Every structure is written in structure tokens, then in C-alpha cells.
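Working notes, beginning with the structure itself.
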Amino acid sequence: MGFSPSQLTHLGNRLKVAVTADDLILLDEYRRSFGPACECVIHSIKTVLSLPPTARPAKSTQAIIEKLNRLSSRLGQMQDIAGCRITVDSLSDQDLAVERLREEFPDCRVEDRRLKPSHGYRAVHVIVKVDGFWVEVQIRTKLQHLWASVSEKLADVNGNSIKYGHGDSKPLAVLAELKAFIAAVEDTEAAVAAELRKLDESSERKRGLLTRLSDELLSHRNHLADRMLQMLS
Amino acid sequence: MIFLVQYDRRSEKLLRFDHFSDDRRSDAEQARLSLELSGLGHVLEQEVVLLEADSAEALLRTHGRYFQTLAEIVTASGIETTPASPC
Chain U
0 MGFSPSQLTH LGNRLKVAVT ADDLILLDEY RRSFGPACEC VIHSIKTVLS
50 LPPTARPAKS TQAIIEKLNR LSSRLGQMQD IAGCRITVDS LSDQDLAVER
100 LREEFPDCRV EDRRLKPSHG YRAVHVIVKV DGFWVEVQIR TKLQHLWASV
150 SEKLADVNGN SIKYGHGDSK PLAVLAELKA FIAAVEDTEA AVAAELRKLD
200 ESSERKRGLL TRLSDELLSH RNHLADRMLQ MLS
Chain Y
0 MIFLVQYDRR SEKLLRFDHF SDDRRSDAEQ ARLSLELSGL GHVLEQEVVL
50 LEADSAEALL RTHGRYFQTL AEIVTASGIE TTPASPC
């Protein structure tokens, strides 16, 4: 069965107030309709990007209701009912994955949250439309994923508002410090990588300098895990 | 592989973790719905979600929060072994 925009709006409005068995069954049916589109995107990512995504073919009821309440959005307008997540090692791998997805899905929409972080959340989201169904592909570096996972965990205990910059000051301070540190590391990595790409083989001295900077960055990254554990204890 | 996860956010406890082969998608979806219907009063505290990954290890890498403590997430993140990627 297809759903009209008005049916979806009414369903979303009812879910915001209370969840009944009938509405849960309707929501389940709606979410299942995204299955084929999600499968198509996953297949492309595996074959074209040779990356192993984790698919989440249907957003959880809890997450849907939370989003409906937080953004006053409509159920039919949500573009992340179906989605998948990829983690990659570095910013350059992230850029490459986005580029390949753009080639594979020319009509996709790219939300680069590295340029415009959402309350500290950094990632690139590629929104793909297949047969009228949106599928959101989240591409995160390991550092970005680490921040997002820590943020989710802190939100479990302290409430979702933590993810959006509100609530208890202690977890907010932890997230702010981690955000700044990770952004600094990744921005410097990007700058070093860009300079290295510009050098020709005769620029040995500069290459040596940049390689040393790259090693220093690695040392900062190593220190990050210890610092995070300290902050979270 | 399809994984069914039921996670209580407040207590950070994994309440249920089942897996289904890829050809049992419909069974997995039905199991998810049944689980949600049986816990109707806890929809806002408990997440019930289906995830698909090549293996449980791959799932742990992308959705570790359902299975790991904060400290485990940090130590398992692999950041201490990942070199900078210059090109």
C-alpha cells in the first residue's frame, strides 16, 4: 500500500502524542517500503566503492518520534528513514567515497557537515533517491565516528539534548573539547596532505618537513585516546 | 547478515541481540515489529532496530554504542594505530 503525504502527516502527528499498536503497524509498513531502495544503494556501495557499509533499512520508532518532536518535521519529509553508514580512515578517503557516490548517483544531494558541523557532529551525508525513496549514506572518518559515538553514549545517559548543545555542562564541555581537538587534527591532516600533493620529487627538504609534521600528527592522534579516557572517567 | 537489536538507552543495556541470514529478511522484520508491539509502553526508552552488516565485527565498528561502554568505544576506535594519510 502506498501512503499519501496527508496520511503520513497524520500518522506522524499521532505518534508525537502516543504510540498505539495500529499506528506502529502502519509505521512499520511505511518503513518496510524503503527496503528495495536501501538494498539498491547498499549493492552499489559494495560493488562501486568496495566498502562494507552497515545498513539500517528502517529508522527506529524511538528515533523517528524524537526527530518529529525536535524538528517539528513531518514524517513524509524525513530523508533518513532508510540509511547506511560507512567509516573510513581519513579525510582523503572520505572525499574519495563522496566523489564515487556522486558519480554513481548524479542526482544525489551532499550535506558536508565538516564545513558546517551540526552541534559538533562532523560527517558527510549523501542523500540518494531511488524510485522515489530517499536513502541517507553517512560517511564518517574514524575520528568523526568516535565523536559521534561518544555523543550518542552521553545522550543515552544525559538526554538527547546533549547532542544539540543543551543540558548538563560537564558532558557538553567534554564534547566541545573533543570536537575542537578532532577538528584541529583533521584540518591539519588535510593541509599536510594538500602540501604533499603539490611537491615534486626534487623538493626533498620540504617533503622531509611535511613527513615530520605528519608524524607529529600521528603522535597527537595517539594521545587523543588517552585524553578521552581521562575526560570520560 | 541481519541483526535485530533491542537497546535500553537509560540503562545502556543490550536487551536482545538476534541474527538472521540475508534470505530471512521478512522474518527479521516481523520479529522487530513483534518486539515493538510487546513493549509498546517503552517505545521512547528502548530502541528496536534492524541492522545489516557483513559480520558482527563490522557491525561493532559502525554501531558500537549498542554493545560497548564509553571507554570500550574509545579504546576500540583504532585511532592509536591509524597513520596520517598524506596522499
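Residue numbers (numbering that gives the first Met the number 0), protein chains in the order written: chain U, 0 to 232; chain Y, 0 to 86. Every residue, glycine too, gets a C-beta built ideally from N, C-alpha and C. Just so it is clear, the structure is predicted and the values come from calculations on it, not from any experiment.
Residue i: contacting residues in chain U (beta-carbon distance under 7 Å)
{"i": "Glu-35 of chain Y", "result": "Leu-23, Thr-60"}
{"i": "Arg-8 of chain Y", "result": "Asp-155"}
Supposed contact pair residue j and residue i - C-beta distance, whole angstroms, cut 8 Å
{"i": "Asp-22 of chain U", "j": "Arg-30 of chain U", "result": "With 8 Å as the limit, Asp-22 of chain U and Arg-30 of chain U do not qualify as a contact, their Cβ atoms being about 12 Å apart."}
{"i": "Gly-164 of chain U", "j": "His-118 of chain U", "result": "5 Å"}
{"i": "Ala-172 of chain U", "j": "Ile-161 of chain U", "result": "Actually they are not in contact, since the Cβ atoms of Ala-172 of chain U and Ile-161 of chain U sit about 11 Å apart, beyond 8 Å."}
{"i": "Leu-34 of chain Y", "j": "Arg-15 of chain Y", "result": "7 Å"}
{"i": "Arg-31 of chain Y", "j": "Leu-50 of chain Y", "result": "Between Leu-50 of chain Y and Arg-31 of chain Y the Cβ distance is about 11 Å, and since that is not below 8 Å, they are no contact."}
{"i": "Phe-132 of chain U", "j": "Phe-2 of chain U", "result": "Actually they are not in contact, since the Cβ atoms of Phe-132 of chain U and Phe-2 of chain U sit about 12 Å apart, beyond 8 Å."}
From the options, residue whose alpha carbon lies closest to that of residue i
{"i": "Ile-24 of chain U", "options": "Y:Leu-13, Y:Ala-70, Y:Ser-37", "result": "Y:Ser-37"}
{"i": "Arg-84 of chain U", "options": "U:Asp-106, U:Pro-56, U:Cys-107, U:Lys-197", "result": "U:Pro-56"}
{"i": "Val-73 of chain Y", "options": "U:Val-129, U:Gly-1, U:Lys-152", "result": "U:Lys-152"}
{"i": "Gly-40 of chain Y", "options": "U:Ile-41, U:Cys-37, U:Val-16", "result": "U:Val-16"}
{"i": "Leu-177 of chain U", "options": "U:Thr-8, U:Ser-89, U:Ala-147, U:Gln-78", "result": "U:Ala-147"}
{"i": "Pro-116 of chain U", "options": "U:Leu-74, U:Gln-143, U:Thr-8", "result": "U:Gln-143"}
{"i": "Leu-145 of chain U", "options": "U:Ala-96, U:Ile-126, U:Leu-209, U:Arg-121", "result": "U:Arg-121"}
{"i": "Val-18 of chain U", "options": "U:Thr-60, U:His-42, U:Leu-198", "result": "U:Thr-60"}
{"i": "Leu-254 of chain U", "options": "U:Lys-128, U:Glu-185, U:Arg-211", "result": "Outside the displayed span of chain U (0 to 232) sits residue 254 of chain U, for which this structure offers no information."}
{"i": "Ser-49 of chain U", "options": "U:Ile-63, U:Gln-78, U:Gly-131, U:Arg-99", "result": "U:Arg-99"}
{"i": "Gln-76 of chain U", "options": "U:Val-40, U:Cys-37, U:His-9", "result": "U:His-9"}
{"i": "Leu-217 of chain U", "options": "U:Ile-138, U:Ala-183, U:Glu-28", "result": "U:Ala-183"}
{"i": "Asp-26 of chain Y", "options": "Y:Glu-71, Y:Leu-3, Y:Ser-54", "result": "Y:Leu-3"}
{"i": "Asp-88 of chain U", "options": "Y:Arg-64, Y:Glu-71, Y:Ile-1, Y:Arg-60", "result": "Y:Arg-60"}
{"i": "Cys-54 of chain U", "options": "U:Cys-37, U:Arg-69, U:Arg-101", "result": "According to the sequence shown, residue 54 of chain U is Ala rather than Cys. Nearest C-alpha to Ala-54 of chain U: U:Cys-37."}
Same chain, Cβ closer than 7 Å to residue i, neighbours up to 5 away in sequence not counted
{"i": "Ser-91 of chain U", "result": "Ala-192"}
{"i": "Ala-189 of chain U", "result": "Leu-90"}
Environment of residue i [buried if 16+ CB atoms lie within 10 Å]
{"i": "Leu-13 of chain Y", "result": "exposed"}
{"i": "Arg-108 of chain U", "result": "exposed"}
{"i": "His-62 of chain Y", "result": "buried"}
{"i": "Cys-86 of chain Y", "result": "Legend: pLDDT at Cys-86 of chain Y = 41, less than 50; position of this residue unreliable, value from coordinates given subsequently. Classification for Cys-86 of chain Y: exposed."}
{"i": "Pro-170 of chain U", "result": "buried"}
{"i": "Leu-114 of chain U", "result": "exposed"}
{"i": "Lys-58 of chain U", "result": "buried"}
{"i": "Pro-105 of chain U", "result": "exposed"}
{"i": "Gly-82 of chain U", "result": "buried"}
{"i": "Leu-208 of chain U", "result": "exposed"}
{"i": "Thr-46 of chain U", "result": "exposed"}
{"i": "Tyr-67 of chain Y", "result": "The amino acid occupying residue 67 of chain Y in the given sequence is Gln; Tyr does not appear at that position. Its Cβ being crowded by 16 or more others within 10 Å, Gln-67 of chain Y is buried."}
{"i": "Ala-83 of chain Y", "result": "Confidence is the limiting factor: at Ala-83 of chain Y the pLDDT is only 44, short of 50, which leaves the residue's position unreliable, though a coordinate-based value still follows. Buried is the call here."}
{"i": "Ser-213 of chain U", "result": "buried"}
{"i": "Gln-93 of chain U", "result": "buried"}
{"i": "Glu-28 of chain Y", "result": "buried"}
{"i": "Ala-179 of chain U", "result": "exposed"}
{"i": "Ala-96 of chain U", "result": "buried"}
Beta-carbon neighbours of residue i, restricted to chain Y and to distances below 8 Å
{"i": "Glu-151 of chain U", "result": "Arg-64"}
{"i": "Pro-56 of chain U", "result": "Leu-49, Glu-51"}
{"i": "Pro-248 of chain U", "result": "With chain U covering 0 to 232 only, the question about residue 248 of chain U has no answer from this structure."}
Within chain Y, the residues that residue i reaches when beta carbons sit closer than 9 Å
{"i": "Arg-13 of chain U", "result": "None at all; the shortest Cβ gap to chain Y is about 13 Å."}
{"i": "Thr-46 of chain U", "result": "Near Thr-46 of chain U there are no residues of chain Y at all, since even the closest Cβ is about 14 Å away, more than 9 Å."}
Neighbourhood of residue i by C-beta, 6 Å cutoff - its chain only, sequence neighbours within 5 removed
{"i": "Leu-26 of chain U", "result": "none"}
{"i": "Gly-11 of chain U", "result": "Leu-67, Arg-73, Leu-74"}
{"i": "Ala-52 of chain Y", "result": "Leu-58"}
{"i": "Glu-194 of chain U", "result": "Leu-209"}
{"i": "Arg-196 of chain U", "result": "none"}
{"i": "Leu-7 of chain U", "result": "Leu-74, Gly-75"}
{"i": "Ile-63 of chain U", "result": "none"}
{"i": "His-124 of chain U", "result": "Glu-110, Glu-135, Gln-137"}
{"i": "Arg-139 of chain U", "result": "Thr-86, Ala-122"}
Chain-ordered neighbours of residue i on chain Y, where CB pairs are closer than 7 Å
{"i": "Asp-167 of chain U", "result": "Under the 7 Å cutoff, chain Y gives no residues; its nearest Cβ is about 15 Å from Asp-167 of chain U."}
{"i": "Phe-77 of chain U", "result": "Per the sequence shown, the amino acid found at residue 77 of chain U is Met instead of Phe. Correct list: empty, because the minimum Cβ distance to chain Y is about 15 Å."}
{"i": "Asp-27 of chain U", "result": "Leu-32"}
Cut-off 8 Å between Cβ atoms - residues of its own chain near residue i, not counting five sequence neighbours on either side
{"i": "Val-149 of chain U", "result": "Val-173, Leu-174, Leu-177, Met-227, Leu-231"}
{"i": "Thr-81 of chain Y", "result": "Unreliable positioning characterises Thr-81 of chain Y in this predicted model, as indicated by a pLDDT of 44, which lies under 50. A coordinate reading is not provided."}
{"i": "Pro-52 of chain U", "result": "Ile-41, Ile-44, Lys-45, Cys-83, Arg-84, Ile-85, Val-136"}
{"i": "Glu-71 of chain Y", "result": "Gly-63"}
{"i": "Ala-55 of chain Y", "result": "Met-0, Phe-2, His-18"}
{"i": "Ile-181 of chain U", "result": "Arg-121, Leu-142, Gln-143, Leu-145, Trp-146, Leu-223"}
Where residue i meets chain U, residues with beta-carbon distance less than 9 Å
{"i": "Ser-20 of chain Y", "result": "Going along chain U, no residue has its Cβ under 9 Å from Ser-20 of chain Y, so there is no contact; the nearest lies around 15 Å."}
{"i": "Leu-39 of chain Y", "result": "Val-18, Thr-19, Ala-20, Leu-23"}
{"i": "Arg-122 of chain Y", "result": "Residue numbering for chain Y in the displayed model covers 0 to 86; residue 122 of chain Y lies beyond these limits and cannot be assessed."}
Contact set between residue i and chain U, taken where Cβ atoms lie within less than 8 Å
{"i": "Leu-14 of chain Y", "result": "Within chain U, no residue comes near Leu-14 of chain Y; the closest Cβ sits about 13 Å away, beyond 8 Å."}
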